[in-house]
Each structure stands twice: as C-alpha cells, then as structure tokens.
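Chains as they are written, first to last, in the working numbering: chain A, 1 to 209; chain B, 1001 to 1293.
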C-alpha cells in the first residue's frame, strides 16, 4: 500500500494536515480534490519525500522510482523541451521518442527544439506533463497538470496522459472533476477543517465516479 | 500610448548618439591631454598622446616586445586560471560542508584583507621572482572567484533541485542542467573582476620583483630613465591585453554555456535565445551580481 497513515503536517503554527489517512490505489489513479489551502499539494510533497510528516507515516514509498509534475513548471530555462524531458529519463530513451511524446500533447517541431523560456505558459505546462509521464516511474504525482493549457491542447494532453497512466499508481491533484473522470480516477475529497486550518481524517470522503 | 510612440521614433537617433558619445568623450579627453602636454612642454612630466602612439609604433614590431608581453601574460594567466579552478573547488566544498566552510572562510578573508605588497615581499622571500606574478595574481583573484561562485551556488533554485531529487537525476547531469547555468553568471562576474585584479596586482608584483623580460621590468626601467613615453606606452599595452584577456574568458564561458545547453537538449539545437537572452543577459547581469563581502 502506498499512502499516508495518520499523518499530521504543520507549517509553523498552521496545521495543514491533521491525522490524515489516505491510501492510493495500486496501479490506478487517485484524484485528490479539495479547496485551496486544504493541503493537497502537501500530500503530494509527502508522497514524493520532499517533506517529512510531523506525526504519522508515509508508507510504501521507500525505493520507488518517482516522477512528478509540480504545481509550478520548474523547467530548466536554457534547455529545450526535449532537453528538459531527457533530464528526467534514463539515457536509453531515444530523442525521437521524446519528440513523439511532445508532439502528442500538441507541441510542434519548432517549439520542441527551442529553449523552454521561449515557450508560452500552456506549452511549458505540457512540457512539465511529458517530463512527469514519460519516465517509467512507480509513483506519479500530478499537481494541477493542465493549468493554463487551452481547450484543444488540453484534450490532446488528457488523451495522452490517460494512455500513459494505464496501470500506474498516480496521485492527481485537481479542482476539476471532469479531469479526474477523464483520467479514470477514484475521487478523494480533502475537506478543509472547520477552523480553516487544514484537513483531518474526517474530512476525507471517497466517491467513485 | 503617445509617449510610447514618441519613444519609438526617437529610439534610432538616441541609439546612434549613445554609440558615438563615448568616442566623442574619449576624443575630448585625448585633446585635453594633447593640449596640456603642448602647454607644459616637458616630456618627462607629461608626454603627449601622439608621442605615446609613436613609442608604441616603435615597440610593437620588435620580437622583444612580444616576448615580454607573452611572458607576463603567461604568468598572470597561470595565476588567474589556478585561482579560477581552486576558487570553484573551494566554493563547491564550502557549499557542501559547513566544516569546510568554517575552515576556508577565515583563510580567504585573510588573503583578501592582506595588503598585496606584504604578499609580494613574502613571496620574494619564499620563491623566485619568476613565479612571483603568478602567485600574486592567484592570491588576488582567488577570494573574488570563491565568494562569487559560493554566492551562485547558494542562489540555485531550490525548486529545480527538488525536481532533480524526485527524478533521481544523476549528479553529473544535474550539475550541467541546474548548477552550471545558475552559477555561471556569478562565475563570469567573479572572473571579470578577478582578471582585472590579477593583472593589476601581477604587474605591481613584477615592478617590485623585477623578473627579467617582463612588463613590470619595463615599467621600472621607464621610471629609472624618466621615460614617460615608455611608461604610458606600456600602460596602454597592459590595459589592452588585460581587456582582450577578459573578453576571451567571458566569451569562452558563454560559448561553453551554449554548448552545454545544446548537448543536454539531445543535439536539438537550442538556437538563438529569444529576446537577446543567453550570453547577453548573462554579461548584463554580471556586474550587478558581483559579490564583495
């Protein structure tokens, strides 16, 4: 089981997560929905091992190959889209395969080779998506993967992402239920606490789309 | 809106004026110099720019001149390159370990605050005058390169470093993709200041240590013979060679940066950076990034 067991996370005095239990479905996508400030991104960071819980445990993540699309794009500005994706891949993956993936999410040949600082926000977002989904990772975290991506590009990206996510354990952080449905995800809602301080176990409700 | 279009039409003339202005200013001060020299009419006290140019024309075609320039340039280059290499290594070690930083910091601070003449005399006691300029250039450039590179390492984007952690990017590729681009502008800024210091202190060391066949020796001869023409001519040579050297270092580094980007992009040429970025933005930032703790 990959997930969180009774995890509490505080930033200073603010309790972001309070004794939260969350189990990801193995080989499937779990979508985490919730209001701003409910701690969705923190859940992702805990699973990725970027922050440690103040109490409780992150389970089943030791030794996993991880991949992520962060809330921000976090690209190497001087590198091309291909260079950014290859950074996250083993050397074995040929350039042609990377280019094919970038084209599948709607980037043209010219955009693929330019330094990413010359790309638009929506294009950059898709480069980050490809970087997260092309590596053979055991755990994928996608944090608002389609922010700023226009409608037609989003349709392409969703289709490509759905295909890449088949049989993989992933956490999708989103506000958009349609997105979760399109990726075949089980929806988990992370409700903010009544004092506005974060999420507790009582706030989690499962619902199957 | 009106102001924008007015600025647009004014821009070409403004640009031309901006390009010509420094040349006009230089011509003005050269004229002042020439007139002052004519008025004073004492070549020992103030030689005229025309006379300096004539002296240069005599010096430059001789093999001796080039040998002298070559020897001094070689010594200072050796010192500077060693400072760049050791400075980067010390900065990387300092960034990686608090213990190393605690050890290195007082050493570098001491070197930085010690008067250069103390080092010159000390080195003359310890080593031969042949090695003097290289050692002094090394000592003067080292703290600058070290401080700049360390600041660059500290300024790396933690968000990109997290990306490297999550994807388990091998350290060699991480260094090329994340560390080098972040640190390079700081390194270039450090090198620019460091090159200038290496030349000034290296020449000063030569004037005191008098290694034979060096620019410093020539300056010393000019002093003994009260030859202002030689003094000015050699000074012009030093300024020209030092700035040429700086250009070579800076453009070599930006070329390296582009090579790395293209290589990391899998041979897909990253092309000309948009909006005058790349090397231009690197050098543009560099003066503002200079660190002098």
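Note that CB positions come from ideal geometry on N, CA and C, so glycine has one too.
- Report the residue from B:1222, B:1260, B:1092 and B:1165 whose alpha carbon sits nearest the alpha carbon of residue 64 of chain A. B:1165
- Classify residue 179 of chain A as buried or exposed, calling it buried when 16 or more other Cβ atoms lie within 10 Å of its own Cβ. Result: buried.
- Give the residues from the stretch 1170 to 1181 of chain B that approach chain A closer than 7 Å (Cβ to any Cβ), ordered along the chain. 1173, 1177, 1178 and 1181
- Are residue 169 of chain A and residue 20 of chain A closer than 8 Å when you measure CB to CB? no
- Query: Out of curiosity, what's the CA-to-CA distance linking residue 1277 of chain B and residue 1259 of chain B?
  - Reply: Confidence at residue 1277 of chain B is low in this model, with a pLDDT of 36, below 50, so the placement of that residue should be treated as unreliable; the coordinate-derived value is given next. Rounded to whole angstroms, residue 1277 of chain B to residue 1259 of chain B spans 15 Å at the Cα level.
- State the start and end residues of the unbroken alpha helix (DSSP H) segment that holds residue 69 of chain A. From DSSP, residue 69 of chain A is part of no alpha helix (DSSP H) but of the beta strand (DSSP E) over 66 to 69.
- Task: Spell out a yes or no on whether the stretch 83 to 96 of chain A and the stretch 31 to 41 of chain A are touching, meaning 3 or more CB-CB pairs, one atom from each, closer than 8 Å.
- Result: no
- Contained beta strand (DSSP E) runs [length at least 3] in the stretch 1073 to 1157 of chain B, N- to C-terminal order: none
- Message: For residue 106 of chain A and residue 1243 of chain B, I'd like the C-alpha separation in whole angstroms.
- Response: 48 Å
- Query: So, does the CB of residue 223 of chain A fall closer than 8 Å to a CB anywhere in chain B?
  - Reply: Residue numbering for chain A in the displayed model covers 1 to 209; residue 223 of chain A lies beyond these limits and cannot be assessed.
- Item | Assigned secondary structure, residue 188 of chain A (DSSP; H/G/I helix, E/B strand, else coil) | strand
- Output, in chain order, the set of chain A residues within a Cβ distance shorter than 7 Å of residue 1255 of chain B. Per Cβ cutoff of 7 Å: no residues; residue 1255 of chain B is ~14 Å from chain A at best.
- Message: Quick check on DSSP: helix, strand or coil for residue 108 of chain A?
- Response: In this structure, residue 108 of chain A counts as coil in the three-state DSSP scheme.
- Item | Residues bridged to residue 141 of chain A (per DSSP) | A:68 and A:171
- Where in the stretch 1185 to 1226 of chain B do unbroken runs of the alpha helix (DSSP H), each at least 4 residues long, occur, reported from the N-terminal end onward? 1215 to 1224
- Excluding sequence positions up to five away, which residues of its chain have a Cβ less than 6 Å from the Cβ of residue 1279 of chain B? Residue placement at residue 1279 of chain B is flagged as unreliable, the pLDDT there being 36, under the threshold of 50; the coordinate-derived value follows with that caveat. The beta carbon of residue 1279 of chain B is closer than 6 Å to those of 1254 in its chain, skipping five residues each way along the sequence.
- Message: I'd like to know whether the C-beta of residue 97 of chain A is nearer than 8 Å to at least one C-beta of chain B.
- Response: no
- Drop a sphere of 10 angstroms on the beta-carbon of residue 144 of chain A, count the other beta-carbons inside from all chains shown, and report buried for 16 or more, exposed for fewer. buried
- Message: Count Cβ pairs between the stretch 1148 to 1166 of chain B and the stretch 1177 to 1188 of chain B that sit closer than 8 Å; are there 3 or more?
- Response: A contact is defined here as three or more CB-CB pairs under 8 Å, and the stretch 1148 to 1166 of chain B meets this definition with respect to the stretch 1177 to 1188 of chain B.
- Using a Cβ-Cβ cut-off of 8 Å, state whether residue 209 of chain A counts as contacting chain B. With a pLDDT of 43 at residue 209 of chain A, under the threshold of 50, the modelled position of this residue cannot be trusted; read the value that follows with caution. Residue 209 of chain A is outside the set of residues whose beta carbon lies under 8 Å from a beta carbon in chain B.
- Of the residues B:1201, B:1040, B:1196 and B:1029, which one's Cα is nearest the Cα of residue 1240 of chain B? B:1196
- Task: Can you give me the start and stop residues for the beta strand (DSSP E) that residue 1235 of chain B sits inside?
- Result: No beta strand (DSSP E) contains residue 1235 of chain B, which is instead part of the alpha helix (DSSP H) from 1228 to 1264.
- Task: Just tell me which of B:1199, B:1161 and B:1056 has its CA closest to the CA of residue 1083 of chain B.
- Result: B:1199
- Please confirm whether residue 1046 of chain B and residue 1037 of chain B have their CB atoms less than 8 Å apart. yes
- Does residue 67 of chain A come within less than 8 Å of chain B when only Cβ atoms are used? yes
- Item | C-beta atoms of residue 141 of chain A and residue 47 of chain A nearer than 8 Å | yes
- Message: Would you say residue 161 of chain A lies against chain B (beta-carbon separation less than 8 Å)?
- Response: no
- Item | Exposure of residue 1 of chain A, with buried meaning 16 or more beta-carbon neighbours within 10 Å | exposed
- Item | Collapsed DSSP secondary structure at residue 1270 of chain B in the structure displayed | At residue 1270 of chain B the pLDDT is 44, less than 50, meaning the model places this residue with poor confidence and gives no usable figure here.
- Message: With a threshold of 8 Å between beta carbons, is residue 130 of chain A in contact with chain B?
- Response: no
- Any idea if residue 115 of chain A is buried or exposed, counting beta-carbon neighbours within 10 angstroms, 16 or more meaning buried? buried
- Item | Span of the beta strand (DSSP E) around residue 30 of chain A | Judged by DSSP secondary structure, residue 30 of chain A falls within the beta strand (DSSP E) whose first and last residues are 29 to 34.
- Message: Run through the DSSP bridge pairs and tell me what residue 8 of chain A is partnered with.
- Response: Paired residues: A:55.
- Would you say residue 1014 of chain B faces chain A, with C-beta separation under 8 Å as the test? no
- CB of residue 1219 of chain B within 8 Å of CB of residue 1234 of chain B, strictly: yes
- Item | Sheet register partners of residue 20 of chain A (DSSP bridge) | A:7
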